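Residue numbers (my numbering): 296 to 423.
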């Protein structure tokens, strides 16, 4: 499995458990990195806008993809392009984690961590 994130908390927790791509930037930068991997033949394992946090409200995003590549997966491509379109509709409240007040940054990082943690558990148990 490949995990793309801009969340240091996720990086510390999963960096040794899977292939991790850390993105320096905001959630839109993460989604662009995910789109690039989809174009290389990877498929989404988690939804790019998981959770009930509005994409313009949080600077953190973590998305899992297959490690294996194949042909271009149109379902994954459609999902990531739709997620990017949603993100671009709204001006982000915070461009990057550093832009948010520390107490909010910690909360946003924790929410993103818990969302991806819940989604990754079954995949890590299967050794993906």
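In this text, a Cβ means the ideal position worked out from N, Cα and C, and glycines have one as well. Keep in mind that this is a model prediction, so the values were computed, not measured.
Under the three-state reduction of DSSP, residue 355 is assigned to coil, being neither helix nor strand. Under the DSSP assignment, residue 299 falls in the beta strand (DSSP E) whose first and last residues are 297-300. The beta carbon of residue 405 lies closer than 8 Å to those of 304 in the same chain, with the five residues before and after it left out.
Three or more Cβ pairs drawn from the region 409-417 and the region 346-365 lie within less than 8 Å of each other, which places the two stretches in contact. Beyond the five residues adjoining it in sequence on each side, residue 345 comes within less than 6 Å, by CB distance, of 410 in the same chain, given in chain order.
For residue 314, DSSP records a beta bridge to 297.
For residue 376, the enclosing alpha helix (DSSP H) begins and ends at 369-384. When 362, 302, 340, 400 are compared, the shortest CA-CA separation from residue 317 is found for 302. In this model, residue 324 and residue 381 are separated by some 14 Å (Cα to Cα). About 6 Å separates the beta carbons of residue 315 and residue 306, which is inside the 8 Å limit, making them a contact pair. With a beta-carbon spacing of about 6 Å, residue 297 and residue 362 fall inside the 8 Å limit used to define contacts.
The beta-carbon distance between residue 299 and residue 329, rounded to whole angstroms, is 5 Å. This is short enough to meet the 8 Å contact definition. DSSP places residue 332 within a helical segment (H, G or I) once states are collapsed to three.
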